[in-house]
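Per numbering that gives the first Met the number 0: the sequence shown ends with 101, consecutive numbering throughout. For each residue, glycine too, the CB sits at the ideal point set by N, CA and C.
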Amino acid sequence: MEGQSRISLEELRRSLGRVARTVEGGRAVVVERRGEEAFALVPMRLYRFLEEERRKLLQATEEARGSFSDMSGEEVEALVAAELEEASSTERKASSARRASS
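See the structure below:
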């Protein structure tokens, strides 16, 4: 995708055909209402990709819920805290190694 354009809702109303061709050509268009982002028009291939990623995320979430359904909330929180600490420790070690090699 080449990038995105910004357009006001009023401009979209006046030039829907041109904007449609822009989106069909592979560019996203962010539509603003009163200077605020209101919605985006995206090419179908991006929309399909995002919908597939959303479906995968929902499926993974359901699988994770199933995997931890026999654990209490406290057990899940402790497991998450331990994983976060491990990730943080790994990042600290990598950061120290980068500073030492500079």
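Check: Taking 8 Å as the threshold, find out whether the region 26-38 comes into contact with the region 6-17 through three or more Cβ pairs.; Outcome: yes
Check: Only counting the same chain, and skipping five residues up and downstream in sequence, which positions put a Cβ closer than 7 Å to that of Gln-3?; Outcome: Arg-26, Ala-27, Val-28 and Val-29
Check: Can you give me the C-alpha to C-alpha distance between Glu-76 and Arg-47, rounded to a whole angstrom?; Outcome: 34 Å
Check: Evaluate Arg-53 with the Cβ neighbour count: other Cβ atoms within 10 Å of its Cβ, from every protein chain shown; 16 or more gives buried, anything less gives exposed.; Outcome: exposed
Check: When the Cα of Pro-42 is compared with those of Gln-58, Gly-24, Ala-59 and Glu-50, which residue comes out closest?; Outcome: Gly-24
Check: Which ranges does the alpha helix (DSSP H) cover as unbroken runs of at least 4 residues, wholly within the region 10-92, from first to last along the chain?; Outcome: 15-23 and 43-66
Check: Can you tell me which of Glu-62, Leu-56 and Leu-15 puts its alpha carbon nearest to the alpha carbon of Leu-40?; Outcome: Leu-15
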